[in-house]
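Chains as they are written, first to last, in this note's numbering: chain S, 1035 to 1138; chain G, 1035 to 1138; chain H, 1035 to 1138; chain A, 1035 to 1138.
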């Protein structure tokens, strides 16, 4: 699915609940930070080796997928509220990184 | 662009630089948290009204777009390393939210 | 109570449970970030005015106090593990800020 | 030094600069999160073994001490603005943890 189509689904979900009034950029950035904290919590106290083992479990992968999604949902909404074309922003950031870190 | 296509570009960028060895799930989640901190910094000490005014400036919007992209780049790489279909995860999270918060 | 005395209580608590093995600097910094996420969550979606009202409630203040404590507990343990005299570090940071932001 | 004395120094520093107007609980929690991001950045991409080696350097320890201090300065100011006795809150949290995790 196109990234911009996912954003359209999110904004439609949001607007049907009349939640736009809460969605200031500051509130959305706070929410992304709250969810990144929950994502980090999944890896808290675990070694890289334990995480590799845990990733065998579909339940563990689903938990991670859900937390990543929570962060992404807030980021896509934030981009929308700031009138940012996030697909273009990501591609332009990758290009910038290409120049910054040339392949040897 | 398809979300999974963006991931493919990122992983290709990463592999040509031989950076996979650094990309443990724990390290990628830490990096997402570092970048979310930089995103929050853009709104630090500013009121919602000031942010609305600042958003008139293309430069300010570009700064936000770059920080959102940095977080998303790490999240997409993390999802890939955890063998998570992030598009499916996001759509399934939206469906879950539809059931949790029914439109009145 | 002296800050260093609080640290001594924390390390004693930790060592009696044999948890030092988990307390690498990286794990402790992750834990501080997880707890800061929970602290932010208390203010999520709330306006400054609502927070002022909520602060009238002792229960709300206690919730905030508990989350701040969780972050501080990890920070003090992290400082200890890194052999940092945190009292000296804070006072030296305040002095640095005094020079950086002179009173007009 | 007493924890509450450190808070007094911070509030005095702050009030002589007339910065109280920026210090809403929400802004202070955001600032703590921004600084925790900078703390995490010090450990980004590094293994536990590399960090042990880096900790031999006084400069590295000082960098960590400065970032921990930045977070603590915002947390102490936040506790003050919320009328929380942070020393009591920390000791009461340790007692709670004593009951939650009894020594076997």
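Don't be surprised by glycine CBs; every beta carbon is placed ideally from N, CA and C.
For residue 1096 of chain S, which option in S:1076, S:1122, S:1064 has the closest C-alpha, if you only look at C-alpha atoms?
-> Indexing the first chain from 1 puts residue 1096 of chain S at position 62. When the alpha-carbon of residue 1096 of chain S is set against those of S:1076, S:1122, S:1064, the nearest one is in S:1076.
Residue closest to residue 1089 of chain G, alpha-carbon to alpha-carbon, out of S:1118, S:1051, S:1133 = Taking the first residue of the second chain as 1, we reach residue 1089 of chain G at position 55. Of S:1118, S:1051, S:1133, the residue nearest in Cα terms is S:1118.
Residue 1135 of chain S: buried (16+ other C-beta within 10 angstroms of its C-beta) or exposed?
-> The sequence position of residue 1135 of chain S within the first chain is 101, counting from 1. Exposed: under 16 other Cβ atoms inside 10 Å.
At a CB-CB cut-off below 9 Å, which residues of chain A make contact with residue 1056 of chain H?
-> The count along the third chain starts at 1 and reaches residue 1056 of chain H at position 22. Taking the beta carbon of residue 1056 of chain H as reference, no residue of chain A falls within 9 Å; the closest one sits roughly 11 Å away.
List the residues of chain G whose Cβ lies closer than 8 Å to the Cβ of residue 1088 of chain A, in chain order.
-> Here the question's residue 1088 of chain A lines up with position 54 in the fourth chain. In chain order: nothing, as chain G lies at least about 16 Å away.
Interface residues of chain S around residue 1132 of chain G at Cβ under 9 Å?
-> Numbered from its first residue, the second chain carries residue 1132 of chain G at position 98. The answer, in chain order, is 1047.
Tell whether a beta-carbon distance below 7 Å holds between residue 1072 of chain G and residue 1101 of chain G.
-> The count along the second chain starts at 1 and reaches residue 1072 of chain G at position 38. The count along the second chain starts at 1 and reaches residue 1101 of chain G at position 67. Result yes, Cβ atoms of residue 1072 of chain G and residue 1101 of chain G sit closer than 7 Å.
Tell me the DSSP bridge mates of residue 1036 of chain H?
-> Locating residue 1036 of chain H in the third chain gives position 2, counting from the first residue. Bridge partners of residue 1036 of chain H: A:1036.
Residue 1140 of chain S to residue 1114 of chain G, Cα distance in whole Å?
-> Nothing about residue 1140 of chain S can be reported from this structure: the residues present for chain S run from 1035 to 1138 only.
Any chain S beta carbon closer than 7 Å to residue 1050 of chain G = Position 16 of the second chain holds residue 1050 of chain G. Taking a beta-carbon distance threshold of 7 Å, residue 1050 of chain G counts as an interface residue toward chain S.
Please list the partners that residue 1067 of chain H has in chain G, where partner means a Cβ-to-Cβ separation under 7 Å.
-> Along the third chain, read from residue 1 onward, the residue named residue 1067 of chain H stands at position 33. Within chain G, the residues near residue 1067 of chain H are 1067.
Using a Cβ cut-off of 9 Å, pull out every chain A residue sitting near residue 1064 of chain G, in sequence order please.
-> Within the second chain, numbered from 1, the residue matching residue 1064 of chain G stands at position 30. When 9 Å is used as the limit between beta carbons, residue 1064 of chain G is near these residues of chain A: 1074, 1075, 1077, 1078, 1079, in chain order.
Burial state of residue 1106 of chain S, where buried means 16 or more other Cβ atoms lie within 10 Å = Counted from its first residue, the first chain places residue 1106 of chain S at position 72. Its Cβ being crowded by 16 or more others within 10 Å, residue 1106 of chain S is buried.
Nearest to residue 1035 of chain S by CA position, among G:1132, G:1082, G:1125, is which residue?
-> As a working note, residue 1035 of chain S is residue 1 in the first chain. Comparing Cα positions, the closest option is G:1125.
CA-to-CA distance, residue 1062 of chain A to residue 1060 of chain S, given in whole angstroms = Within the first chain, the letter at position 26 stands for residue 1060 of chain S. Within the fourth chain, the letter at position 28 stands for residue 1062 of chain A. Taking the straight line joining both Cα atoms gives about 13 Å.
Taking 7 Å as the cut-off, decide whether the C-beta atoms of residue 1123 of chain S and residue 1103 of chain G are in contact.
-> In the first chain, the residue the question calls residue 1123 of chain S occupies position 89. In the second chain, the residue the question calls residue 1103 of chain G occupies position 69. Yes, the Cβ-Cβ distance between residue 1123 of chain S and residue 1103 of chain G is below 7 Å.
Minimum Cβ-Cβ distance from residue 1097 of chain G to chain S less than 7 Å | As a first step, residue 1097 of chain G must be located in the second chain, where it is residue number 63. Using beta-carbon distances, residue 1097 of chain G does not count as an interface residue toward chain S, since no partner is under 7 Å.
Start and end residues, alpha helix (DSSP H) containing residue 1111 of chain H = As a position in the third chain, residue 1111 of chain H is number 77, starting the count at 1. From DSSP, the alpha helix (DSSP H) with residue 1111 of chain H extends over 1092-1115.
Near residue 1040 of chain H, what residues of its chain come up, given a Cβ to Cβ distance below 8 Å and the 5 sequence neighbours on each side ignored?
-> Position 6 of the third chain holds residue 1040 of chain H. Excluding positions up to five away in sequence, the list reads 1110.
Separation of residue 1138 of chain H from residue 1056 of chain A, as counted between CA atoms = Taking the first residue of the fourth chain as position 1, residue 1056 of chain A is located at position 22. Taking the first residue of the third chain as position 1, residue 1138 of chain H is located at position 104. Taking the straight line joining both Cα atoms gives about 18 Å.
Can you tell me the Cα-Cα spacing of residue 1098 of chain H and residue 1094 of chain S, whole angstroms?
-> Here residue 1098 of chain H refers to the residue found at position 64 when the third chain is read from its first residue. Here residue 1094 of chain S refers to the residue found at position 60 when the first chain is read from its first residue. Linking residue 1098 of chain H to residue 1094 of chain S through their CA atoms gives a straight-line distance of about 30 Å.
Since residue 1070 of chain S contacts residue 1070 of chain G with CB under 8 Å, what's their CB separation in whole angstroms?
-> Reading the first chain from its first residue, position 36 is the one you call residue 1070 of chain S. Reading the second chain from its first residue, position 36 is the one you call residue 1070 of chain G. Contact holds; Cβ gap of about 5 Å.
Compare the C-beta of residue 1061 of chain S against all C-beta atoms of chain H and say whether one is closer than 7 Å.
-> Along the first chain, read from residue 1 onward, the residue named residue 1061 of chain S stands at position 27. Closer than 7 Å to some Cβ of chain H, the Cβ of residue 1061 of chain S qualifies, so yes.
Residue 1044 of chain H versus residue 1078 of chain H: straight-line alpha-carbon distance, rounded = Here residue 1044 of chain H refers to the residue found at position 10 of the third chain. Here residue 1078 of chain H refers to the residue found at position 44 of the third chain. If I take the Cα positions, the gap works out to 30 Å.
Which residues in chain A sit within 9 Å of residue 1070 of chain G, going by Cβ to Cβ distance?
-> Sequence index remark: in the second chain, residue 1070 of chain G carries index 36 (1-based). Result: 1067, 1071.
Going straight from the alpha carbon of residue 1074 of chain H to that of residue 1074 of chain G, what length do you get?
-> As a first step, residue 1074 of chain H is located in the third chain; it is residue number 40 there, counting from the start. As a first step, residue 1074 of chain G is located in the second chain; it is residue number 40 there, counting from the start. One Cα belongs to residue 1074 of chain H, the other to residue 1074 of chain G, and the distance between them is close to 12 Å.
In angstroms, rounded to a whole number, what distance separates the CA positions of residue 1038 of chain H and residue 1048 of chain A?
-> Numbered from its first residue, the third chain carries residue 1038 of chain H at position 4. Numbered from its first residue, the fourth chain carries residue 1048 of chain A at position 14. Whole-angstrom Cα-Cα distance: 24 Å.
Using the beta-carbon of each residue, which ones in chain G are nearer than 7 Å to residue 1042 of chain S?
-> Sequence index remark: in the first chain, residue 1042 of chain S carries index 8 (1-based). Result: empty, since nearest Cβ-Cβ is about 11 Å, beyond 7 Å.
Is the shortest distance between the beta-carbon of residue 1100 of chain G and the beta-carbons of chain S less than 7 Å?
-> If you number the second chain from 1, residue 1100 of chain G lands on position 66. Yes, its Cβ sits closer than 7 Å to a Cβ of chain S.
Please go through the same chain and pick out, in chain order, the residues whose beta-carbon is closer than 8 Å to the beta-carbon of residue 1080 of chain H, but skip the five residues on each side of it.
-> Within the third chain, residue 1080 of chain H is the residue found at index 46, counting from 1. Excluding sequence neighbours, residue 1080 of chain H sits near 1088.
Identify whether residue 1051 of chain G lies in helix, strand or coil by the three-state DSSP scheme.
-> Residue numbering aside, residue 1051 of chain G sits at position 17 when the second chain is read from its first letter. Three-state DSSP puts residue 1051 of chain G in coil, outside helix and strand.
With DSSP as the reference, label residue 1082 of chain H as helix, strand or coil.
-> On the third chain, position 48 is the one that residue 1082 of chain H refers to. In this structure, DSSP gives residue 1082 of chain H a helical state, which the three-state scheme calls helix.
Could you tell me how far apart the beta carbons of residue 1064 of chain A and residue 1120 of chain S are, in whole angstroms, since I believe they sit closer than 8 Å?
-> Along the fourth chain, read from residue 1 onward, the residue named residue 1064 of chain A stands at position 30. Along the first chain, read from residue 1 onward, the residue named residue 1120 of chain S stands at position 86. Residue 1064 of chain A to residue 1120 of chain S, Cβ: 22 Å. No contact.
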